[in-house]
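Before any comments, here is the structure.
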Amino acid sequence: MAMAAVLAGSPLVLYPPGRDQSVFLLAGRALSRGVMPYTGFWDIKPPGLFVAYLLPGSLAFAWPGAAALLDLAALAVAVMAAARLLALWGDAAAGAAAAVILTGLWIFAGDWWDLGQGERLAVPLLLLALLAAGRPRTWRWATAGFLIGLMALLKTSFLPLALVLLPLRPPRRVGDPGGDTPAPAGRLLLAAALGLAAPLAFTLSGLLAGGALAAAFEATVSFTGHYTRLAWERPGVLFHAAGITGLAFLRTTWPLWILAMAGWGLTWNRRFPGAGQPCRTGVTMVRGLWSLTLALALAMASILAQGKFFPYHWIAIWPPLALLAGVGAAALGRLVVARMRPAAATVAALLIAVAAITTGLLGAAPGWPGWHASLIRAAGGMDSAAHLARFRVQGMGYDELAATARRVAAATPAHEPLLMWGFEPAFYLYAQRPFPGRFPFAYPLVTPWAPPAWRQEFLAAVDATPPAAIVVRRSDPIPWVAGIPGDAAARLRRFPLMNERLHREYLPRPDLSSPHLQVWVRVAAPPAGR
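Anchor point for the sequence shown: position 390 equals 613 in the working numbering, and the numbering is continuous, going up by one each time.
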């Protein structure tokens with residue numbers, strides 16, 4: 224089943240890197256060269272995400288789409304874990320249906336921008352943690368806690384889901400097949416807590432030893448706190464975004480919610496053998512459904528707390544929704560083939576799951592255009608430029624971004640860095656050039672809450688390694704991120720010292736520029752003594 228999921232998702236390897244994925248790849252590349260996160264490379268994401276991208280980041284200049292490596296690996300593990308989890312709860316047919324549903328959500332319910340996000344990488348760790356805690360053994364709960372700690376280092380907002388789901392899993396009854404008397408609940412929770420603390424303590428000690436702990440706090444807590452409050456200060460915009468992305472998510476997943484409710488009703492009424500009765504692992508399906516329903520509520524709360532409602536934030540709902548819908552598909556399958564053998568009920572459950580996910584995605588699948596274009600590209604029916612043109616960000620196709628980056632790289636000395644003034648870090652991947660300093664994108668320097676010292680640090684980095692060219696993004700306003708109106712060119716004017724340097728030491732190059740990217744090439748050596 225995992226192999227089938229990866230095969231279905233194989234076109235993802237041709238996806239270009241979105242803004243976030245480009246940052247993660249650049250971070251992984253920096254770490255692979257011994258650069259410390261936060262002090263040597265700046266971003267607001269938790270450190271586990273940078274470490275996860277070590278291998279893809281080391282490949283990023285040769286293969287900008289290397290984020291798909293992580294994404295497909297996460298998909299394979301998530302599918303296996305979902306199927307196994309419901310099988311341990313006593314319903315293998317529900318597990319198979321949940322795996323199919325999760326695969327459909329993974330490939331088609333998310334856009335190309337969702338690829339390799341922390342939420343997607345956290346999903347398999349959450350499911351593996353629940354699997355590890357399936358038996359009341361101290362070492363298994365310590366393993367579950369360790370997995371949850373790793374998950375928190377990827378996506379902190381997933382932590383409440385795991386911390387609530389673990390204690391709600393009832394211990395196995397004494398005398399059940401497969402083991403001895405279960406460990407006391409207190410010992411299990413202590414083991415989970417110690418396991419959770421291990422990766423967190425290791426990461427904090429590493430940041431402290433590398434002198435990056437204060438910078439990590441500044442980026443992930445102080446800066447991000449202002450960033451989150453930015454949305455709550457404009458509740459009209461916030462709830463407008465919630466409505467748009469929330470309705471889009473419901474439009475894609477509405478059959479799954481119906482399946483989830485059907486599973487609840489049929490299980491509650493014990494309409495199939497064993498419903499509501501202790502399974503081999505001591506977990507009743509009804510208790511499991513309560514746990515998953517609470518997880519859904521907590522996922523919604525985590526989305527609300529982040530205050531952005533980006534489409535990939537809704538990934539937090541995927542695991543509990545897929546599991547609940549899988550239970551519903553299996554319950555309905557048993558109704559359809561009540562007098563047939565269990566294998567027929569499993570086939571019916573799979574067909575119901577496929578029908579549900581397909582019905583929801585018809586005409587409303589964000590991931591379909593990119594997946595379809597990549598499939599055609601893999602079959603040789605589309606060239607690279609036409610394929611990249613299908614992936615757009617604020618009006619600009621990635622064919623324009625990649626072509627401009629390569630032109631600029633070819634027209635400037637290969638040993639000198641480049642500077643993209645805007646939020647298009649994929650430029651560095653396509654140009655295969657570094658950037659000066661630790662900021663892979665410009666907006667943190669001009670936000671109203673940015674420390675003034677950051678600008679001085681940035682100017683010093685530009686002094687030390689002057690970029691051969693500066694590329695200014697046009698028509699890309701991001702007030703929900705930068706906290707100010709206007710595109711990157713307007714944000715540059717809010718940084719007078721950098722703006723003056725651009726006009727003093729660089730000249731525009733229309734022959735290298737494109738509709739959304741204005742290229743300036745250095746023509747004057749930096750003044751002596753600057």
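Note that beta-carbon positions come from the ideal geometry of N, C-alpha and C, so glycine has one too.
Report the option in Val694, Pro738 and Glu647 whose CA atom is closest to the CA atom of Leu730. Considering only alpha carbons, the answer is Val694.
Which residue's Cα is closest to the Cα of Gln340: Trp312, Leu349, Asp294 and Leu311? For the set Trp312, Leu349, Asp294 and Leu311, the Cα lying nearest the Cα of Gln340 is the one of Asp294.
In the DSSP assignment, find the beta strand (DSSP E) that holds Trp672 and state where it starts and stops. It is not in any beta strand (DSSP E) - Trp672 carries neither H nor E in the DSSP assignment.
Opposing strand residues paired with Gln741 [DSSP bridges]: The partner list for Gln741 (beta bridge, DSSP) reads Val695.
Residues in the same chain with beta-carbon distance under 6 angstroms from Trp364, minus the five sequence neighbours each way, listed in chain order, please. Close CB contacts of Trp364 within its chain, under the 6 angstroms cut and outside five residues either way in sequence, are with Ala356, Leu411, Ala414 and Ala415 (chain order).
I believe Ala705 touches Val669 by the beta-carbon criterion, under 8 angstroms. Please report the beta-carbon distance rounded to the nearest angstrom. Between Val669 and Ala705 the Cβ distance is about 6 angstroms, and since that is below 8 angstroms, they are a contact.
Of the choices Arg360, Ala553 and Gly251, whose alpha-carbon is the least far from that of Trp265? The alpha carbon of Trp265 has as its nearest neighbour, out of Arg360, Ala553 and Gly251, the alpha carbon of Gly251.
Going straight from the alpha carbon of Leu417 to that of Arg360, what length do you get? Between the alpha carbons of Leu417 and Arg360 lies a gap of roughly 14 angstroms.
Using beta-carbon positions only, say whether Leu248 and Pro260 come within less than 8 angstroms of one another. The criterion of a C-beta distance shorter than 8 angstroms is not satisfied by Leu248 and Pro260.
Tell me which same chain residues have a C-beta within less than 7 angstroms of the C-beta of Phe650, skipping the five on either side of it? Leu624, Ala628, Met643 and Val694.
So Arg307 and Leu376 are supposed to be a Cβ contact under 8 angstroms. How far apart are they, rounded? The pair is not a contact, with the Cβ atoms about 24 angstroms apart (cut-off 8 angstroms).
Pairing CB atoms from the region 721–728 with CB atoms from the region 601–618, are three or more of them under 8 angstroms? In short, these stretches do not touch, since the Cβ pair count stays below three.
For Phe614, does the three-state DSSP call read helix, strand or coil? Looking at Phe614 - three-state DSSP - the assignment turns out to be coil, as it is neither helix nor strand.
Quick check: Ala299 and Val387, are their CB atoms within less than 8 angstroms of each other? Result no, Cβ atoms of Ala299 and Val387 do not sit closer than 8 angstroms.
Which value, in whole angstroms, describes the spacing of the CA atoms of His610 and Arg600? If I take the Cα positions, the gap works out to 7 angstroms.
Could you check where the alpha helix (DSSP H) with Trp312 kicks off and where it finishes? In this chain, Trp312 is not harboured by any alpha helix (DSSP H), its DSSP state being neither H nor E.
Opposing strand residues paired with Trp644 [DSSP bridges]: Trp644 pairs with Val695.
For the beta strand (DSSP E) holding Leu730, just list the boundary residues, first then last. It spans Tyr729 to Pro731 - the beta strand (DSSP E) in which Leu730 sits, taken as one unbroken run.
Assess contact between the region 477–489 and the region 547–557, defined as three or more Cβ pairs (one per stretch) separated by less than 8 angstroms. Is contact present? Between the region 477–489 and the region 547–557 there are three or more C-beta pairs closer than 8 angstroms, enough to call the two in contact.
To the nearest angstrom, how far is it from the Cα of Thr569 to the Cα of Leu389? Rounded to the nearest angstrom, the two C-alpha atoms are 28 angstroms apart.
From the beta carbon of Gly660, is the nearest beta carbon of chain C less than 8 angstroms away? Reference to chain C is not applicable here, since this structure consists of a single protein chain.
If contact is defined by three or more beta carbon pairs under 8 angstroms, each pair taking one atom from either stretch, is the region 522–537 in contact with the region 322–331? These segments do not touch.
In angstroms with no decimal places, state the Cα-to-Cα distance between Asp734 and Gln655. If I take the Cα positions, the gap works out to 20 angstroms.
Just list the alpha helix (DSSP H) runs in the region 504–545, keeping only unbroken ones of 4 residues or longer that don't cross its boundaries, in chain order. Entirely contained in the region 504–545, the alpha helix (DSSP H) runs reaching 4 residues are, in chain order, 508–529.
Who does Pro260 pair with in a DSSP beta bridge? Its beta-bridge partners are Phe264.
Among Ile267, Gly263, Thr262 and Ala291, which has the Cα closest to the Cα of Tyr276? The residue with the shortest Cα to Cα distance from Tyr276 is Ala291.
According to DSSP, is Gly433 helix, strand or coil? In the displayed model, Gly433 falls within coil according to three-state DSSP, outside both helix and strand.
Of the residues Ala315, Val631 and Ala304, the one placed nearest Val744, counting alpha carbons only: Ranking Ala315, Val631 and Ala304 by Cα distance to Val744 puts Val631 first.
Assigned secondary structure, Met226 (DSSP; H/G/I helix, E/B strand, else coil): Helix.
Within the same chain, show all residues whose beta-carbon is closer than 6 angstroms to that of Arg494, passing over the 5 residues directly before and after it, in chain order. Model confidence at Arg494 stands at a pLDDT of 44, short of 50, so the residue's coordinates are unreliable; what they give is reported in the following sentence. Answer for Arg494: no residue qualifies.
Exposed or buried, what is Glu723 when buried is set at 16 or more other beta-carbons lying within 10 Å of its beta-carbon? It counts as exposed.
Taking 8 angstroms as the threshold (C-beta atoms), are Phe273 and Gly590 in contact? No, the pair does not count as a contact, with Cβ atoms beyond the cut-off.
In chain order, what are the residue ranges of uninterrupted beta strand (DSSP E) at least 3 long that sit wholly in the region 325–384? Qualifying beta strand (DSSP E) stretches: none in this window.
Could you pull out every residue in the same chain whose Cβ sits closer than 6 angstroms to the Cβ of Arg716, ignoring the five residues on either side in sequence? Within the same chain, Asn722 come within 6 angstroms of Arg716 by CB-CB distance, once the 5 residues on both sides are set aside.
When the Cα of Pro754 is compared with those of Trp329, Ala711 and Gly333, which residue comes out closest? There is simply no residue 754 to check, as the chain begins at 224 and stops at 753 in what is shown.
Would you list the residues sitting across from Ile620 in a DSSP beta bridge? Before going on, a small fix: residue 620 reads as Gly here, not Ile. Answer is Arg615.
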